[in-house]
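The next block holds one structure in the form of structure tokens; read it before the comments.
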């Protein structure tokens with residue numbers, strides 16, 4: 007059944023044009039409504055036997071139509087759609103990450119008028135009652151009494167930003183519809199909202215699948231749907247208001263290696279609200295590493311040994327995961343050791359070597375938080391087991407913004423502490439607009455404040471007393 011709540015959601019999804027996030031709609035229904043009615047520009051059609059018919063229909067209705075194809079199908083899709091398609095989205099698997107750049111270069115040279123983008127497999131953002139971990143290829147499920155497990159796409163987005171810095175990360179996912187009612191009617195409105203809010207908070211692009219029931223209602227110009235559409239303009243504008251350039255803030259650098267090996271540890275850092283930035287080997291220059299207090303090395307470091315040694319000597323903590331030496335610091339004094347790890351004193355800092363792959367990413371993430379000097383923790387949350395917070399900064403500046411996502415989809419009162427002395431805290435949400443002033447409390451180099459109600463998505467603007475952004479670096483000691 008077509009519901010008013012579902013149409014309410016669609017209005018936000020299709021007309022939101024965030025400065026950092028773009029939403030494409032995957033369309034499968036035979037009839038396509040006019041773009042001028044929906045206010046939507048970007049449509050995605052899977053490359054199959056009926057793709058050309060939908061492509062022509064979508065083009066006539068005023069859309070920029072993209073064909074979704076595997077790397078093996080991409081040439082055929084591009085050739086068939088070269089005159090009317092806007093581009094091709096290459097649907098890849100994690101194992102194809104390293105090979106896709108060559109394919110993109112070839113396709114772009116053959117079809118210069120088409121846009122080619124990498125489409126990554128994500129997962130439905132949601133809260134689960136149990137923790138699911140991949141240990142050596144075996145999925146393990148925790149006790150249902152443990153901390154709720156969140157499926158987020160932050161790790162995927164950050165890895166993609168490092169692998170393909172010239173493209174805004176683009177991902178999609180399949181809905182997990184568990185009961186017969188959901189299979190018939192589609193996702194709840196809150197689930198659609200969460201998907202769009204998450205992509206915007208992570209500054210990624212999203213290909214969103216609409217349930218066929220919803221597509222049919224839109225194609226038939228359902229009167230109730232169109233009426234609700236007109237009422238929701240204020241809500242839909244939320245993620246398009248801010249256009250200032252910002253970048254992720256974090257004082258932990260992660261040198262990622264193999265996608266399969268790196269994903270789970272990075273995913274748990276995101277889940278535990280430990281701000282991090284993904285590094286490439288070329289990023290391990292002395293000037294760049296000065297921005298970090300901790301360095302996690304998941305990739306083979308032979309060409310970067312001196313950079314890692316210098317980083318530790320200046321007072322940083324470097325952690326090498328399953329990367330046996332020899333290394334120069336192994337001749338230094340051992341300060342601590344365990345069954346599968348050893349720590350060496352190097353100058354003012356230390357290097358910790360783990361002798362095996364991370365057996366439990368959950369424990370690893372918790373250990374990292376304990377290793378960080380409490381005075382250097384950028385952000386802490388309380389009453390927020392279902393919340394992910396992502397701090398942002400202006401380039402080469404301090405924290406200026408905090409994006410919040412509540413995966414429980416029920417309003418929460420969240421207490422936040424951020425590094426630095428902020429005198430203006432403004433809170434904005436899709437429901438209430440911008441902005442509500444929150445009371446800051448400064449203590450020992452940190453600022454604390456309480457968010458009264460975080461339903462799904464929210465944004466916090468951080469400023470100093472006189473209106474300028476604070477100038478203390480995001481990794482300030």
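Residue numbers (the numbering used here): 7 to 483.
Idealized CB from N, CA, C, for every residue including glycine.
Contact check, residue i vs residue j, beta carbons under 8 Å
i, j, result
"residue 29", "residue 162", "no"
"residue 285", "residue 252", "no"
"residue 72", "residue 96", "no"
"residue 464", "residue 391", "no"
"residue 38", "residue 225", "yes"
"residue 377", "residue 323", "yes"
"residue 51", "residue 61", "yes"
"residue 334", "residue 358", "no"
"residue 352", "residue 318", "yes"
"residue 278", "residue 372", "yes"
"residue 117", "residue 84", "yes"
"residue 34", "residue 182", "no"
"residue 327", "residue 363", "yes"
"residue 6", "residue 394", "Coverage of the chain is limited to positions 7 through 483, which leaves residue 6 absent and any answer about it impossible."
"residue 263", "residue 304", "yes"
"residue 313", "residue 291", "yes"
"residue 177", "residue 27", "no"
Local Cβ density within 10 Å of residue i, reported as buried at 16 or more and exposed below that
i, result
"residue 500", "Outside the shown range of the chain (7 to 483) lies residue 500, about which nothing can therefore be said."
"residue 66", "exposed"
"residue 385", "buried"
"residue 397", "buried"
"residue 489", "The question about residue 489 has no answer, for the chain in this structure spans 7 to 483."
"residue 367", "buried"
"residue 124", "buried"
"residue 202", "buried"
"residue 78", "exposed"
"residue 190", "exposed"
"residue 187", "exposed"
"residue 425", "buried"
"residue 59", "exposed"
"residue 453", "buried"
"residue 330", "exposed"
"residue 356", "buried"
"residue 250", "exposed"
"residue 288", "exposed"
Residue i versus residue j - alpha carbon distance
i, j, result
"residue 197", "residue 180", "12 Å"
"residue 266", "residue 207", "24 Å"
"residue 105", "residue 214", "25 Å"
"residue 64", "residue 76", "21 Å"
"residue 469", "residue 403", "12 Å"
"residue 194", "residue 342", "51 Å"
"residue 69", "residue 89", "14 Å"
"residue 150", "residue 41", "Here residue 150 scores only 48 on pLDDT, less than 50, and its place in the model should not be relied on; the value that follows carries that caveat. Going by the C-alpha atoms only, they are around 45 Å apart."
"residue 479", "residue 428", "Model confidence at residue 479 stands at a pLDDT of 45, short of 50, so the residue's coordinates are unreliable; what they give is reported in the following sentence. In a straight line, the C-alpha of residue 479 is about 13 Å away from that of residue 428."
"residue 444", "residue 381", "23 Å"
"residue 154", "residue 412", "12 Å"
"residue 346", "residue 374", "16 Å"
"residue 47", "residue 92", "11 Å"
"residue 379", "residue 423", "15 Å"
"residue 216", "residue 192", "8 Å"
"residue 32", "residue 49", "6 Å"
"residue 119", "residue 350", "55 Å"
"residue 440", "residue 164", "27 Å"
"residue 53", "residue 110", "17 Å"
"residue 256", "residue 383", "9 Å"
"residue 205", "residue 332", "42 Å"
Residue(s) in a DSSP beta bridge with residue i
i, result
"residue 50", "32 and 72"
"residue 121", "93"
"residue 393", "412"
"residue 351", "356"
"residue 134", "155"
"residue 126", "177"
"residue 254", "398"
"residue 211", "176"
"residue 433", "442 and 466"
"residue 302", "260 and 325"
"residue 388", "421"
"residue 495", "An answer regarding residue 495 cannot be provided, because it is not within the stretch 7 to 483 covered by the chain."
"residue 342", "349"
"residue 282", "258"
Residue i beta carbon near the ligand MN (any heavy atom closer than 7 Å)
i, result
"residue 87", "As far as ligands go, the structure on display features none, and thus does not contain the ligand MN."
* Validate contact between the stretch 336 to 351 and the stretch 297 to 305 using beta carbons, cut 8 Å, 3 pairs -> no
* **Meets three-Cβ-pair contact criterion under 8 Å: the stretch 416 to 436 and the stretch 444 to 459** => Three or more beta-carbon pairs separated by less than 8 Å link the stretch 416 to 436 to the stretch 444 to 459, which places the two stretches in contact.
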